[in-house]
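Q: Below is one structure. I have some questions about it.
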Amino acid sequence: MKRRPRGDSNYLGVPSSVETGGRWRGEQCADIDEKGRRGDASSSIDAKMKKKASSKSSDGVHSASSPVAGVHFLAASSARRHGTLSNAGGILSRWRCLVCTFVALLLAAVLRARADEIAYLKRLVDSVNSATDVKWKARFNPFGIRQSTFNHQKALKNLTAIKEYVTHLQRFFDSSQMTEHLKALGSFPEAHLPRNFDARDKWPMCPSIHAVPNQGGCGSCYAVSAMGVAADRTCIHTNGTQSTQLSALDVIECCEVCGNCFGGDPLKAMVYWTLEGVVSGGPDGCRPYAVSNACGEQAKRKCRRDKCQSAYYKNGAGAGYAADKRKGSIAYTLFPRKMSVDQAGNDRVLLPSVIGHFNKTSSTGPLTLDQIRTIIRKELFLYGPTTLALPLTEEFLHYDSGVFHPFPREHFDDRIIYWHVVRLIGWGHAEDGQLFWVAANSFGEQWGENGLFRVDTTLLEDYGLEYEAAMP
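Each step along the sequence shown adds one to the number in full-length UniProt numbering, with nothing skipped, and position 9 is 9.
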């Protein structure tokens, strides 16, 4: 089984919402904005030249003893001034010409490149819709991108904290709570699993399961999906008595090792929830998701631990940030995976996992792919949604309906833009009997099937899809 072509779990999930026109290429937009600002250089040059010309022209008009001498001096001085201004104006004009030419050439190149990209993506959409062996339909998304145009950037890591997180993950897995969790998964009969399942139907009292977020102009899918799972499971565990959304923004801004708007790791976000706690989110919560849909959302954000938003009230009084914290108990990964503990990504530690546990304890050897899918379905059916990380290909951004699988199958790796994290909420079977997952994306409700999508689980055969979870 292949593994992902990356050094660490860094998921971006840049939105491509048809509804909002979310950032399709924030980093590139930032680059263009920066280059565009260079066009304003003429204004600063203009100011400098005017100042210089002004200083030359103000070389005082001296009074002369003779009126005639004074007239001759004024005439000469005026000629010098006009000559200086004329030279300055010529230089300024040439600078403006150069700047305008540069900006025009840059803009033309960008527009040509984007036009070529759009033409390629439209051909890709047409090829999906005209293929006879494809189980899904595509709809052109004007915010789609090609793999070659995405600007991959890595966030700096606090390596000491990451090593501590690995230690905590091992501690969680060795806990009595996890022991009972694994026993429940192992003893639950596969025959009791329904053919089709939707977490929204089993736990209707939990509004967070129904939510379809829009991550806006920020590569925050890891935080949005992880906190969605944490809120879902808290509601399920408390039988609906605690149905508060958890703040993805709190994770983005305050967890130094989780990630930022250039991507991150959902498992680290869940560990952060168990160690530090996360405040409430949603429009009425302590820290609502205040990321705009504008192109080029800032990746570095400021952590504020002093107070909640003014609109949030608890028991008739404004609640403090610390008082609003909610914590989980354990975090874990279902599918075997590694975590980098050095900056270069060369030192990678294998994490304890649910599938890894059953691989070791199985009397018949390592689990088959069908057995792995069964364990994941048990986890989902008994405890609620999990995160799902999958390779996001160019055509996925144009998904409209049906059971998604990469198309064409050839050169699949070459079309992977980044790894994306979503929230797994159910499963079903296609007409040919093939199992598929049902997942909630974070691109808004206008994308896909009202914000959801179905994905062929055979993708697991080529790439080890990652599933992370936590318990309240």
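All C-beta atoms in this analysis are idealised placements derived from N, C-alpha and C, irrespective of residue type, glycine included.
If you count every other CB in all the chains shown that lies within 10 Å of the CB of residue 501, and 16 or more means buried, which is it?
A: This structure leaves residue 501 out entirely; the chain is present only between 1 and 472.
Q: Please state whether the Cβ-Cβ distance between Phe172 and Gly219 is less than 8 angstroms.
A: Counted from its first residue, the sequence shown places residue 172 at position 172. Counted from its first residue, the sequence shown places residue 219 at position 219. It is not a contact, given that the beta carbons lie outside the stated cut-off.
Q: Between the C-alpha atoms of Pro391 and Leu92, what's the straight-line distance to the nearest angstrom?
A: The count along the sequence shown starts at 1 and reaches residue 391 at position 391. The count along the sequence shown starts at 1 and reaches residue 92 at position 92. Those two C-alpha atoms are separated by around 51 angstroms.
Q: Looking only at its chain, what residues have a beta carbon closer than 7 angstroms to the beta carbon of Lys122, apart from the 5 residues adjacent to it on each side?
A: As a first step, residue 122 is located in the sequence shown; it is residue number 122 there, counting from the start. So the list reads Phe140, once near-sequence residues are dropped.
Q: Which runs of the alpha helix (DSSP H) spanning at least 4 residues fall entirely within the segment 172 to 237, listed in chain order?
A: Runs found: 176 to 187, 199 to 202, 207 to 210 and 221 to 237.
Q: Between which two residues does the beta strand (DSSP E) carrying Asp462 extend?
A: In the sequence shown, counting from the first residue as 1, residue 462 sits at position 462. It is not in any beta strand (DSSP E) - Asp462 instead sits in the alpha helix (DSSP H) that spans Leu459 to Asp462.
Q: What residues match up with Met270 in a beta bridge as DSSP calls it?
A: Taking the sequence shown and counting its residues from 1, the one referred to as residue 270 is at position 270. DSSP, once it has assigned bridges, lists no residue as partnering Met270.
Q: Please name the residue, chosen from Ala469, Leu193 and Phe443, that lies closest to Gln371 on a Cα-to-Cα basis.
A: Within the sequence shown, residue 371 is the residue found at index 371, counting from 1. Here the closest residue by C-alpha is Leu193.
Q: Out of Val257, Gly356, Gly448 and Cys254, which one is the CA nearest neighbour of Lys137?
A: Numbered from 1 along the sequence shown, position 137 holds the residue referred to as residue 137. When each option's Cα is compared against that of Lys137, the closest is Gly448.
Q: Taking a contact to mean a Cβ-Cβ separation below 8 angstroms, would you say Ala389 touches Leu465 in this structure?
A: Taking the first residue of the sequence shown as position 1, residue 389 is located at position 389. Taking the first residue of the sequence shown as position 1, residue 465 is located at position 465. Yes, the pair counts as a contact, with Cβ atoms nearer than the cut-off.
Q: Going by Cα to Cα distance, which pick from Phe453, Gly402 and Ile375 is closest to Ala184?
A: Here residue 184 corresponds to residue number 184 of the sequence shown, with the count starting at 1. With distances taken between Cα atoms, Ala184 lies closest to Ile375.
Q: Hey, how far is the Cα of Leu225 from the Cα of Ala290?
A: In the sequence shown, counting from the first residue as 1, residue 225 sits at position 225. In the sequence shown, counting from the first residue as 1, residue 290 sits at position 290. Leu is not the amino acid found at residue 225; the sequence shown has Ser there. Looking at the two C-alpha atoms, the distance is approximately 16 angstroms.
Q: First and last residue of the alpha helix (DSSP H) that includes His357?
A: Start at 1 with the first residue of the sequence shown, and residue 357 comes out as number 357. Here the alpha helix (DSSP H) through His357 covers Val354 to Thr361.
Q: Just the Cα atoms here: how many angstroms apart are Cys308 and Val279?
A: Taking the first residue of the sequence shown as 1, we reach residue 308 at position 308. Taking the first residue of the sequence shown as 1, we reach residue 279 at position 279. Rounded to the nearest angstrom, the two C-alpha atoms are 9 angstroms apart.
Q: Cα separation between Gly144 and Phe407?
A: As a working note, residue 144 is residue 144 in the sequence shown. As a working note, residue 407 is residue 407 in the sequence shown. Whole-angstrom Cα-Cα distance: 16 angstroms.
Q: Whole-angstrom Cβ separation of Thr274 and Ser353, contact assumed at under 8 angstroms?
A: Residue 274 sits at position 274 when you count from the first residue of the sequence shown. Residue 353 sits at position 353 when you count from the first residue of the sequence shown. Contact flag wrong, Cβ pair sits at about 17 angstroms.
Q: For His210, I'd like the list of residues in its chain whose CB is within less than 7 angstroms of its CB, leaving aside the five on either flank, ordered along the chain.
A: Against the sequence shown, residue 210 aligns to sequence position 210. Hits under 7 angstroms: Arg200.
Q: Find the nearest neighbour of Met471 within the set Thr238, Trp95 and Thr457, judged by alpha-carbon distance.
A: Counted from its first residue, the sequence shown places residue 471 at position 471. Checked all of Thr238, Trp95 and Thr457; the closest Cα to Met471 is Thr238.
Q: Could I get the ranges of all uninterrupted beta strand (DSSP E) runs contained in the segment 377 to 448, with 3 residues as the minimum, in chain order?
A: The segment 377 to 448 contains these whole beta strand (DSSP E) runs: 386 to 393, 399 to 404, 416 to 429 and 435 to 440.
Q: Could you name the residues of the same chain whose beta carbon sits closer than 7 angstroms to that of Gly36, not counting the 5 residues immediately before and after it, in chain order?
A: For the purposes of this step, residue 36 is taken as residue 36 along the sequence shown, with counting starting at 1. In this prediction, Gly36 scores a pLDDT of 35, lower than 50, which makes its location untrustworthy; the coordinate-derived value is nonetheless stated afterwards. Here the set comprises nothing.
Q: Within the same chain, show all residues whose beta-carbon is closer than 6 angstroms to that of Ile416, passing over the 5 residues directly before and after it, in chain order.
A: Locating residue 416 in the sequence shown gives position 416, where the first residue counts as 1. These residues qualify, in order along the chain: Pro391 and Thr393.
Q: Is Glu466 helix, strand or coil when you go by DSSP?
A: As a position in the sequence shown, residue 466 is number 466, starting the count at 1. DSSP places Glu466 in strand when its eight states are reduced to three.
Q: If you pair each beta-carbon of the segment 246 to 266 with each one of the segment 397 to 411, do three or more pairs fall below 8 angstroms?
A: Contact between the segment 246 to 266 and the segment 397 to 411 is absent, because fewer than three Cβ pairs lie under 8 angstroms.
Q: Checking 8 angstroms against the spacing of the C-beta atoms, do Thr457 and Arg373 come in under that value?
A: Taking the first residue of the sequence shown as position 1, residue 457 is located at position 457. Taking the first residue of the sequence shown as position 1, residue 373 is located at position 373. Their beta carbons are under 8 angstroms apart, which means Thr457 touches Arg373 by this criterion.
Q: Give me the Cα-Cα distance between Leu98 and Val349, rounded to the nearest whole angstrom.
A: The sequence position of residue 98 within the sequence shown is 98, counting from 1. The sequence position of residue 349 within the sequence shown is 349, counting from 1. Whole-angstrom Cα-Cα distance: 54 angstroms.
Q: Report the rounded CA-to-CA distance for Gln177 versus Glu379, giving the unit in angstroms.
A: One-based indexing of the sequence shown puts residue 177 at position 177. One-based indexing of the sequence shown puts residue 379 at position 379. Roughly 15 angstroms between the two C-alpha positions.
Q: Going by C-alpha to C-alpha distance, which of Arg305, Glu190, Val422 and Leu460 sits closest to Leu267?
A: As a working note, residue 267 is residue 267 in the sequence shown. Looking at the Cα atoms, Val422 is the closest of the given residues.
Q: Under the DSSP definition of a beta bridge, which residues are partnered with Asp456?
A: Position 456 of the sequence shown, counted from the first residue, corresponds to residue 456. The partner list for Asp456 (beta bridge, DSSP) reads Phe436.
Q: Per DSSP, which one or two residues make a beta bridge with Phe262?
A: Along the sequence shown, read from residue 1 onward, the residue named residue 262 stands at position 262. Gly219.
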